[in-house]
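Q: Questions regarding the structure given below will be posed in turn.
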Amino acid sequence: MAGDQPDQKTQLDGASVPAPGQPAGPSAADVSYQPTELAFPAQPPAGAAPAAPATPPPPAGAPAGPYDPQAGGYGYPQAAQPYPTPAPAPQAGYPGYAQPQPGFQQAATPPPGYAYPGAPGAPTPTKQRNPVMVFGGIAGSVLAVGIVIGLIVLFSGPSPKHNTTGAPLGTTSGPSGASVPSGQLADLWTAPKPDGSDNRMIGFWVTDKTVVRGDASALTAYNLSDGKVAWTLPAPSGTKAFCSMSKDINKAGLGAVSFNLGDDDCAAIGAVDATSGTLKFKAGSPLPDQKSFDTAVTITDNAIGAASSGVLGGFSLTDGHQLWKYSGRGQYCNGTADAAGGLIVLSDYCADGSPKQLLQVLNADTGKVNTTVPLPNENDRLSQIVQTKGMLVVQISADSDGDYLFAIDSNGNQLPKIPLKVTGEDKMRPSAASSAVAHNLVLGNTFYIEVDKNSKTAIRAIDLTTGKTKWTSDGGAQQGLRLVDKGSVDSPAVIAMNGYDQGAQVGSLAAADGSFKSSATFAQKDTLTMTFQDSDVLQADDGRVLVLDGLPIEHSAIMYGSKS
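If you want it as structure tokens, here you go:
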């Protein structure tokens with residue numbers, strides 16, 4: 001936030017919360033904690049002319065414009081901003097890879113010895129915070145042939161040592177013999193969409209008994225056993241809508257949210273108990289001279305990290321008071337930022353800084369810089385966090401078709417660049433780590449991403465340590481493949497789409513060559529493709545499959561399993 005005005009803390013009825021004593025922090029000499037007028041001023045909504053910066057003009061040669069994450073709250077597609085090239089609003093974070101617990105669940109804190117340096121104990125995003133990420137060219141080709149779009153998430157395996165997502169999700173019991181060791185998958189229950197809700201999913205959380213689906217109007221929890229609504233939390237008094245959700249919940253079962261306070265200003269944040277649907281607090285007030293159009297939030301066991309055009313800092317889980325603020329590295333800076341997985345990642349160009357262009361990874365609990373990576377070109381900037389599981393993978397926006405990815409390993413080392421556009425092939429379009437519907441994952445040192453191949457979706461495997469493509473495979477499926485994240489460290493799971501005359505299949509691709517092996521078949525053949533379209537899907541270790549609609553038309557969620 002700019003200026004010297006602190007955030008206004010409010011209760012549910014809008015009354016002020018007494019300001020708590022400020023925690024001990026870094027000395028005034030530590031500039032990384034000193035708020036300045038340059039820290040993330042606002043950008044106009046999509047279609048509006050960009051506002052002039054409220055700071056003195058930068059020296060000659062410095063790019064114009066302040067920090068500018070892209071506009072677009074409510075989970076709708078974000079608008080491109082003027083500097084330096086169009087780019088989606090970034091999301092951030094990386095605690096590393098962890099084995100999931102039995103049942104439906106979200107990823108947890110990595111086991112000791114395999115975590116990003118300096119990352120707090122935070123839940124790992126499994127698919128990604130920003131549903132505002134639209135899958136561009138692949139989405140178009142996928143829709144044309146009716147192939148699934150959206151990362152399908154399969155969780156199985158032993159429990160991690162440190163669980164930050166609550167109790168193990170879902171038992172093997174369920175309606176009419178829901179346990180599915182093998183065989184066909186039939187519809188067990190369907191949850192209709194909430195009355196009056198046509199809002200795109202902004203995220204979801206999973207507990208041991210429920211799945212919580214969020215959109216702009218409300219958060220709704222559904223029982224995993226029968227699909228009935230367990231609780232609903234509408235946007236609270238004093239807010240217009242929910243803007244975003246953290247990808248995960250912490251050990252206490254709390255998730256982070258941001259709110260629209262009016263006029264697309266997502267300047268308020270809050271904590272929600274995912275078990276009961278109780279809003280623990282909301283904190284924040286409209287910013288007088290700038291707006292937070294799309295606030296990314298991440299939660300740890302100690303704090304909420306937030307990044308947007310108007311807010312970049314950490315907030316207490318007790319009452320929402322601000323623990324730390326980030327300021328620019330110099331007097332004349334602009335850039336972008338993102339928050340997820342217990343970290344905040346930002347890149348900035350500072351005309352009076354050295355180096356001028358720098359990417360930084362910050363601890364969401366403290367604001368301390370864990371890692372820095374100089375960016376080679378003046379117009380390179382953070383576009384989004386692509387993955388936080390296994391390795392931190394970031395997407396950099398560059399001139400023309402020069403956009404690229406790179407990973408940062410567990411020692412903080414930058415790995416080789418991976419260009420998104422290769423001559424003779426369609427441009428890869430990764431989804432954000434925080435996207436509610438995702439299209440890529442990392443297993444070990446390999447990055448798997450959905451790509452377009454002969455008008456159907458294939459999976460490409462890329463070695464992050466070399467930047468080289470290992471293989472591209474459609475698995476022989478008639479209508480292509482969809483990725484499934486099952487928490488494995490060896491080979492990727494997928495759903496093979498085989499048209500309307502055959503049921504879709506759940507299976508895996510061999511890590512060596514991408515060959516497909518089936519493990520189960522969906523009984524439904526005629527409408528299954530539309531069921532998966534633009535959805536996020538989880539599969540429990542007992543074989544049940546839960547589908548969460550990205551944009552509900554007739555239903556919000558469907559559970560598949562065995563009725564035999």
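So in the UniProt record's numbering, the last one in the sequence shown is 564, and the numbering has no gaps at all.
All residues carry an ideal CB built from backbone N, CA and C; glycine is no exception.
If you're wondering where the values come from, they're calculated on a predicted model, not measured in any experiment.
(1) Can you tell me which residues form a DSSP beta bridge with residue 431?
(2) Please name the residue, chosen from 382, 384, 360 and 364, that lies closest to residue 373 on a Cα-to-Cα basis.
(3) What residue range does the beta strand (DSSP E) around residue 271 cover?
(4) Once the 5 residues before and after residue 209 are set aside, which same chain residues still bring their CB inside 7 Å of it?
(5) Helix or strand or just coil, what does DSSP make of residue 555?
(6) Less than 6 Å between C-beta atoms, sequence neighbours within five positions excluded: which residues of the same chain meet that for residue 348?
(7) Less than 9 Å between the beta carbons of residue 382 and residue 346, yes or no?
(8) Counting Cβ pairs, one atom from each stretch, are 3 or more of them under 8 Å apart for the segment 295-315 and the segment 397-413?
(9) So what's residue 202 in DSSP terms, helix, strand or just coil?
(10) Tell me whether residue 425 sits in a helix, a strand or coil according to DSSP, three-state version.
(11) Check the DSSP bridge columns for residue 450 and list the partner residues they point to.
(12) Please classify residue 332: does DSSP put it in a helix, a strand, or coil?
(13) Please confirm whether residue 265 and residue 293 have their CB atoms less than 9 Å apart.
(14) By DSSP, does residue 363 sit in helix, in strand, or in coil?
(15) Please report the straight-line C-alpha distance between residue 562 and residue 231, rounded to a whole angstrom.
(16) Mind pulling the beta strand (DSSP E) runs of 3 or more residues that sit fully within the segment 181-256?
(17) I need the straight-line Cα distance from residue 550 to residue 201, nearest angstrom please.
(18) Can you tell which of 474, 427, 256 and 236 has its C-alpha closest to the C-alpha of residue 245?
(19) Could you check the C-alpha separation between residue 450 and residue 248 for me, to the nearest Å?
(20) Quickly, what does DSSP pair residue 306 with across the bridge? List them, please.
(21) Give the single residue among 391, 554, 520 and 552 whose Cα lies nearest to the Cα of residue 542.
(22) May I ask which residues mark the beginning and end of the beta strand (DSSP E) holding residue 576?
(23) Please report the Cβ distance between residue 461 and residue 475, rounded to the nearest whole angstrom; I am assuming they are in contact, meaning their Cβ atoms lie under 8 Å.
(24) Please state the DSSP three-state secondary structure of residue 276.
(25) Under the three-state reduction of DSSP, which class applies to residue 326: helix, strand or coil?
(26) What does DSSP give as the partner residue(s) for residue 507 in the beta ladder?
(27) Can you round the beta-carbon distance between residue 253 and residue 300 to whole angstroms, since I take them to be within the 8 Å contact cut?
(28) In terms of alpha-carbon separation, which member of 448, 240, 323 and 384 lies closest to residue 467?
(29) Go ahead and pull the three-state DSSP assignment for residue 542.
(30) Is it true that the CB of residue 258 sits closer than 9 Å to the CB of residue 309?
(31) Specify, as a first and last residue, the run of the beta strand (DSSP E) that residue 562 falls within.
(32) Would you call residue 371 buried or exposed, if buried means 16 or more other Cβ atoms sit within 10 Å of its Cβ?
(33) Count the other CB atoms within 10 Å of the CB of residue 512; is the residue buried (16 or more) or exposed (fewer)?
(34) Would you list the one or two residues that DSSP bridges to residue 375?
(35) Measure from the C-beta of residue 199 to each C-beta in chain D and report whether the shortest distance is under 9 Å.
(36) Which residues bound the beta strand (DSSP E) around residue 354?
A: Quick look at the numbers:
(1) Per DSSP, none; premise fails for residue 431.
(2) 360
(3) 268-273
(4) 223 and 224
(5) strand
(6) 333 and 335
(7) yes
(8) no
(9) coil
(10) coil
(11) 459
(12) coil
(13) yes
(14) strand
(15) 27 Å
(16) 184-192, 203-206, 210-214, 218-223, 229-234 and 241-249
(17) 5 Å
(18) 256
(19) 23 Å
(20) 297 and 313
(21) 520
(22) Because the chain here runs from 1 to 564, residue 576 falls outside it and cannot be looked at.
(23) About 12 Å separates the two Cβ atoms, so there is no contact after all.
(24) coil
(25) coil
(26) 494 and 518
(27) That belief does not hold up - the Cβ atoms of residue 253 and residue 300 are roughly 14 Å apart, past 8 Å.
(28) 448
(29) coil
(30) no
(31) Note, residue 562: premise wrong, no beta strand (DSSP E); not H, not E.
(32) buried
(33) exposed
(34) Residue 375 is not bridged to any residue.
(35) The structure shown has no chain D; it contains just one protein chain.
(36) Where residue 354 is concerned, there is no enclosing beta strand (DSSP E), given that its DSSP letter is neither H nor E.
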